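**Student:** Take the sequence shown: its letter number 8 is residue 565 in this note's numbering, and every next letter is one higher.
Take a look at the following structure, please.
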Amino acid sequence: DYAMVAYYDGAMLLAGAILVQLAGGQSSAGTAAASLGWLWLSMGLTMASWLYAPFIYNPYNFSASHFASDMGSLYQFFFKGSGKSWTSWYEQTLLKPRRGVKRTMNDIGFFIT
Numbered sequence: 558d559y560a561m562v563a564y565y566d567g568a569m570l571l572a573g574a575i576l577v578q579l580a581g582g583q584s585s586a587g588t589a590a591a592s593l594g595w596l597w598l599s600m601g602l603t604m605a606s607w608l609y610a611p612f613i614y615n616p617y618n619f620s621a622s623h624f625a626s627d628m629g630s631l632y633q634f635f636f637k638g639s640g641k642s643w644t645s646w647y648e649q650t651l652l653k654p655r656r657g658v659k660r661t662m663n664d665i666g667f668f669i670t
């Protein structure tokens with residue numbers, strides 16, 4: 558699934574870059590601030606490619622009938638039956654009880670975020 562590989566990582570990278578800017582990361586760099594321009598350029602290209610590639614390379618992206626069908630499916634998934642299909646998907650895929658190290662890592666990740 559391309560969204561799991563690139564799209565979510567691109568969104569997390571974008572959110573992290575925004576947080577760094579809001580925290581004053583560029584202005585706090587001192588003498589190294591001038592060389593950070595290349596880093597921001599490479600991160601910007603990476604974020605753009607990860608976030609927009611699924612839309613550019615999807616052959617059905619520019620077909621109005623496929624777009625309308627996809628939007629109808631998304632609407633039904635989230636809102637049909639008061640969101641029952643979305644909640645059941647969420648419970649089956651993301652709320653799996655874990656044991657041992659996996660459970661510990663999940664708990665640590667929850668408290669960190």
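Glycine is no exception: its CB is placed at the ideal position from the N, C-alpha and C atoms.
Source: prediction; values computed, not measured.
1. Taking DSSP as the reference, what is the three-state secondary structure of A614?
2. Does the region 564 to 578 come within contact of the region 600 to 610, defined as at least 3 CB pairs closer than 8 Å?
3. Among the residues of its own chain, which have a CB less than 8 Å from the CB of M600, if the five just before and after it don't count?
4. L593 and Q583 look like a contact to me (Cβ under 8 Å); what is the Cβ gap, rounded to whole Å?
5. Consult DSSP for G581 and reduce its assignment to one of helix, strand or coil.
6. In chain order, what residues of the same chain lie with their CB nearer than 6 Å to the CB of F635, ignoring the 5 residues before and after it?
7. Looking only at its own chain, which residues have a Cβ that is under 8 Å from the Cβ of T603, when we skip the five neighbours before and after it?
8. Whole angstroms are fine: how far does the CA of S622 sit from the CA of I521?
9. Output the distance between the C-alpha atoms of E648 and G581, rounded to the nearest integer angstrom.
**Tutor:** Looking at the atomic coordinates:
1. Taking the first residue of the sequence shown as 1, we reach residue 614 at position 57. A small fix is needed here, since residue 614 is Tyr in this sequence, not Ala. Coil at Y614, not helix or strand.
2. The region 564 to 578, when compared against the region 600 to 610, does touch it at the 8 Å Cβ threshold.
3. On the sequence shown, position 43 is the one that residue 600 refers to. When the five nearest sequence neighbours on each side are left out, the beta carbons in the same chain lying within less than 8 Å of the beta carbon of M600 are those of L570, A574, in order along the chain.
4. The sequence position of residue 593 within the sequence shown is 36, counting from 1. The sequence position of residue 583 within the sequence shown is 26, counting from 1. Between L593 and Q583, the beta carbon gap of about 6 Å places them in contact (Cβ cut-off 8 Å).
5. For the purposes of this step, residue 581 is identified with residue 24 of the sequence shown, where counting begins at 1. G581 falls in the coil class under three-state DSSP.
6. Stepping through the sequence shown from its first residue, residue 635 is reached at position 78. Annotation for F635: W643 place their beta carbon closer than 6 Å to its own, counting only its chain and skipping 5 residues before and after.
7. On the sequence shown, residue 603 is found 46 positions in, with the first residue counted as 1. Taken in chain order, the residues that qualify are G567, L570.
8. Residue numbering for the chain in the displayed model covers 558 to 670; residue 521 lies beyond these limits and cannot be assessed.
9. Counting from one through the sequence shown, the residue named residue 648 turns up at place 91. Counting from one through the sequence shown, the residue named residue 581 turns up at place 24. In a straight line, the C-alpha of E648 is about 38 Å away from that of G581.
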